[in-house]
């Protein structure tokens, strides 16, 4: 069952073991090129030569049904002939791939079934990874810091393009680090693979030309810009607890050493670090919205519709100015809910040039949307915002000037809450982004990040 809060994942690969990994790699790259996610250049060449079956010789597939508990997975192994066809499709289908269960040691695992718990390390979706790595403009000889090793895909590409001598990849989980070190070496790469808290970067080797962060943050750790060399560039997903409207922090240090930063409203972003708080519209919540005729529900018509989905700068502002909202992207109309209080709003064309708006709950979500849209338009309808990073750790985002300025602070969030939120029929943690085709609204299934940190 696909995650309804986000766009659908790319199609799975249709290759077979007889086709071979080389054909699967070529088909994957061709699909990325056809989708516009990948263009000519060193990143394309690196992906075309990246043997994912060496980097991820074992991977998990979910076997349990959407409502089944405890959750069940199978650990597939490339060395097992019966697993190869399914594993080939998984590795080269383009979606994220789960590589660690419950923080386990990765090397030397016995393949087979697993029950309960959650996935604690994944690779990122290939299209998003390719796009971000292309934006980094990787070049030979650069010093690259990869924060959040995961399966090692971004580290492998960085090694292939920049040379492994200047690459550092950092992960919080020592088992992830150990596996990446061994498997990158099997590909012929020997970067510095370190275990540590990615929030601190890796100060042992300072002055990085490029920094790639593979998990979402609510504010930028100052170590990341501080460790950029003149001319350096860092990219990281900046988000709230909602997976629906991510931002991309683009942080650059000029040749003169001045720091310049902005947040771009984007379609896809990384998941938060393991244990990070996320919200989700679970199955019961969506069924209540679809059922209609709920006590306290109100309906009205209006000539003013919602801003289009492509107005990402507005939705990014809404997410920060009125946090706690999640969109159901699978719906054929606008459906937005507030899991914490059970409020929702739906809006669709009424067939007469207007819109029918239905709302429920204590939050006036439709009013929040319209007020934010007006402020966004007054600020110039920005698609990106200035990101202010002060030495005293004060951080905020802004666009426009004077009375029309649109801004919000990036506050320090409390420690992550446990994944399961006991008795709420609405709240549901879920990470970003979205491309696992087996995702469903289970509190533990995706209480993980795209890459461990």
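Residue numbers (my numbering): -18 to 434. Glycine included, C-beta positions come from ideal geometry on N, C-alpha and C.
Three-state secondary structure (DSSP) of residue i
| i | result |
| --- | --- |
| residue 127 | strand |
| residue 435 | For residue 435 there is no data in the structure shown, the boundaries of the chain being -18 and 434. |
| residue 243 | strand |
| residue 23 | helix |
| residue 251 | coil |
| residue 145 | helix |
| residue 271 | helix |
| residue 344 | coil |
| residue 406 | Its pLDDT being 29, under 50, residue 406 is placed unreliably in this model, and the value from its coordinates should be taken loosely. Coil, per DSSP. |
| residue 166 | helix |
| residue 318 | strand |
| residue 259 | coil |
| residue 153 | coil |
| residue 365 | strand |
| residue 381 | coil |
| residue 52 | coil |
| residue 135 | helix |
| residue 9 | helix |
| residue 277 | coil |
| residue 387 | strand |
| residue 106 | coil |
| residue 357 | helix |
| residue 32 | coil |
| residue 296 | helix |
| residue 3 | helix |
| residue 285 | coil |
| residue 114 | helix |
| residue 392 | coil |
| residue 40 | strand |
Buried or exposed by the 16-neighbour rule on C-beta atoms within 10 Å, applied to residue i
| i | result |
| --- | --- |
| residue 353 | buried |
| residue 232 | buried |
| residue 289 | exposed |
| residue 245 | buried |
| residue 152 | buried |
| residue 206 | buried |
| residue 346 | buried |
| residue 145 | buried |
| residue 268 | exposed |
| residue 380 | buried |
| residue 127 | buried |
| residue 133 | buried |
| residue 46 | exposed |
| residue 393 | exposed |
| residue 150 | buried |
Close-in-space but distant-in-sequence residues of the same chain around residue i (CB under 6 Å, 5 per side omitted)
| i | result |
| --- | --- |
| residue 187 | 208 |
| residue 19 | 13, 25, 111 |
| residue 296 | 226 |
| residue 240 | 206, 234 |
Short Cβ contact (8 Å threshold) for residue i with residue j
| i | j | result |
| --- | --- | --- |
| residue 58 | residue 41 | no |
| residue 300 | residue 226 | yes |
| residue 43 | residue 52 | yes |
| residue 122 | residue 143 | yes |
| residue 198 | residue 175 | no |
| residue 182 | residue 204 | yes |
| residue 88 | residue 160 | yes |
| residue 131 | residue 157 | yes |
| residue 35 | residue 168 | yes |
| residue 327 | residue 270 | yes |
Same chain, Cβ closer than 7 Å to residue i, five either side skipped, listed in chain order
| i | result |
| --- | --- |
| residue 33 | 72, 73 |
| residue 335 | 282, 283, 284 |
| residue 344 | 319, 322, 324 |
| residue 238 | 211 |
| residue 108 | -9, 13, 16, 18, 75 |
| residue 341 | 275, 277, 278, 324, 325 |
| residue 388 | 377, 378, 379 |
| residue 79 | 40, 41, 100, 103 |
Proximal residues to residue i (C-beta, below 8 Å), its chain only, five neighbours per side dropped
| i | result |
| --- | --- |
| residue 29 | 6, 7, 10 |
| residue 364 | 245, 246, 293, 294 |
| residue 437 | Absent from the model: residue 437. The displayed extent of the chain is -18 to 434, so no value can be given. |
| residue 406 | Bear in mind that the predicted position of residue 406 carries a pLDDT of just 29, short of 50, making it too unreliable to give a figure here. |
| residue 82 | 41, 54, 56, 95, 98, 99, 100, 101 |
| residue 369 | 242, 375, 376, 377, 378, 379 |
Any non-hydrogen atom of the ligand ATP within 7 Å of residue i CB
| i | result |
| --- | --- |
| residue 57 | This structure lacks the ligand ATP; in fact it carries no ligand of any kind. |
Every unbroken beta strand (DSSP E) inside the segment 61 to 104 [3 residues or more]: 78 to 82, 93 to 96, 100 to 104
Starting from the N-terminal side, write out each stretch of the beta strand (DSSP E) that is 3 residues or longer and does not extend beyond the segment 186 to 249. 189 to 194, 209 to 219, 228 to 234, 240 to 246
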